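Data block below; observations after.
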Amino acid sequence: MFEIRQEPPPYSILHWRPEGPQVIYPREEEGKEKLPQYGCHVHIEGYLPRKMEFSSPGVQARDRSWRRLYFVLHGTMLRVYRQDLSSHQPLRTYTMQGAESGLAADYLKRRHVVRVRAEGEQFLLQTKDDRHVVDWIEALQAATNVAMDLETRPMPKFITLPRRRRRRRHNPDGTAASPTTEREAADLAEAQRRSLADQNGSVAATTAGASGRRSRDEVNAAFNLMISEVGGRLARVWLHTDLTVFLLSFTQDQENMMSTRQASVI
1 MFEIRQEPPP YSILHWRPEG PQVIYPREEE GKEKLPQYGC HVHIEGYLPR KMEFSSPGVQ
61 ARDRSWRRLY FVLHGTMLRV YRQDLSSHQP LRTYTMQGAE SGLAADYLKR RHVVRVRAEG
121 EQFLLQTKDD RHVVDWIEAL QAATNVAMDL ETRPMPKFIT LPRRRRRRRH NPDGTAASPT
181 TEREAADLAE AQRRSLADQN GSVAATTAGA SGRRSRDEVN AAFNLMISEV GGRLARVWLH
241 TDLTVFLLSF TQDQENMMST RQASVI
């Protein structure tokens, strides 16, 4: 048993082998391994119509027409050629580090259009069909994802569907309305809606008030008619009662007069 100490035990306490200290010899295949061949799996190329949008951030390109060029995306590099000839120098070379790409859903003049933003430039690429546009977007985004350093590399984005975008309103002359104009139009529509609601409320209140007054007038007229009918009945009852009393009193007076005359005759 060894005692527990503050310092580690010395190596002299290890048991030595009879043949001496153990020697580590390298393996026979040490340094002779065949490394796997490198192959770039991010590669796509072909003729694509291109339209420049911005030559630098915030600066529109002078020539914004569509031109058919040959694009080669290999690894993290995008090269633009005038023709498919390897002897020709590329017209432009872009690094995909920090680049952005996706479906240009707001561009409605052509279909299957991809928007690319690289090295401060922004341009559109038109593909053939749905499958072709997905292939190019996946290749561009894959090249962007592997171009960054591991320490600064963000999570990969494999989203090929466009985001929901609100369609911009257009003026009567066909021009697109500005956000300020849209906001003012929305405020005006809301004000008109509230004004119409207030008018409807006031009209309903006026109608309700008129109907209420009409109903109260009808009730008052009916009550007065009832009172007049009851009053007439009471008046007739009172008249009949007075007439009966008068007749009774007149009859009594006649009887008294007759009895008085008879007494005087006797």
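Position 167 of the sequence shown, counted from 1, bears residue number 167 in the UniProt record's numbering, the numbering being contiguous throughout. We put the CB at the ideal spot given by N, CA and C, even for glycine. Predicted model only: the values in this text are computed from it and were never measured.
(request) Take every Cβ of the region 106-125, pair it with every Cβ of the region 38-55, and state whether three or more of those distances are shorter than 8 Å. (result) Output reads yes: the region 38-55 touches the region 106-125.
(message) Given a cut-off of 7 Å on the beta-carbon distance, is the pair M96 and T144 in contact?
(response) As a working note, residue 96 is residue 96 in the sequence shown. As a working note, residue 144 is residue 144 in the sequence shown. At a Cβ-Cβ threshold of 7 Å, M96 and T144 count as neighbours.
(message) So for A53, helix, strand or coil by DSSP?
(response) Position 53 of the sequence shown, counted from the start, is the residue given in the question as residue 53. Reading off the sequence, residue 53 comes out as Glu, not Ala. Residue state, collapsed to three classes: strand.
(request) Would you kindly work out how many angstroms separate the C-alpha atoms of G46 and D187, rounded to a whole number? (result) Working through the sequence shown from its first residue, we reach residue 46 at position 46. Working through the sequence shown from its first residue, we reach residue 187 at position 187. Spanning the two alpha carbons is a distance of roughly 49 Å.
(request) Grab me the residues of Y107's own chain with a C-beta within less than 8 Å of its C-beta, minus the 5 sequence neighbours each way, in chain order. (result) By 1-based counting over the sequence shown, the position of residue 107 is 107. Annotation for Y107: V113, R115 and L124 place their beta carbon closer than 8 Å to its own, counting only its chain and skipping 5 residues before and after.
(request) Pair every Cβ in the region 28-46 with every Cβ in the region 72-85, then say whether three or more of these pairs are closer than 8 Å. (result) Yes, they touch.
(request) Compare the Cα-Cα distances from H139 to each of M155, A61 and E100 and report the closest residue. (result) As a first step, residue 139 is located in the sequence shown; it is residue number 139 there, counting from the start. For the record, residue 139 in the displayed sequence is Ala; it is not His. Nearest option by C-alpha distance: E100.
(message) Does residue 354 come out as helix, strand or coil in the three-state DSSP assignment?
(response) Since the first residue shown for the chain is 1 and the last is 266, residue 354 is missing from the structure and cannot be characterised.
(message) What does the Cβ neighbour count give for V59, buried or exposed, with the cut at 16 atoms within 10 Å?
(response) Here residue 59 refers to the residue found at position 59 of the sequence shown. So V59 ends up on the exposed side.
(message) Quick check on the DSSP output: the alpha helix (DSSP H) that includes R131 runs from which residue to which?
(response) One-based indexing of the sequence shown puts residue 131 at position 131. Note, R131: alpha helix (DSSP H), D130 to A147.
(message) Let me confirm a value: I137 is counted as buried when at least 16 other C-beta atoms fall within 10 Å, else exposed. Which label applies?
(response) If you number the sequence shown from 1, residue 137 lands on position 137. I137 sits buried, since 16 or more C-beta atoms from the chains shown fall within 10 Å of its C-beta.
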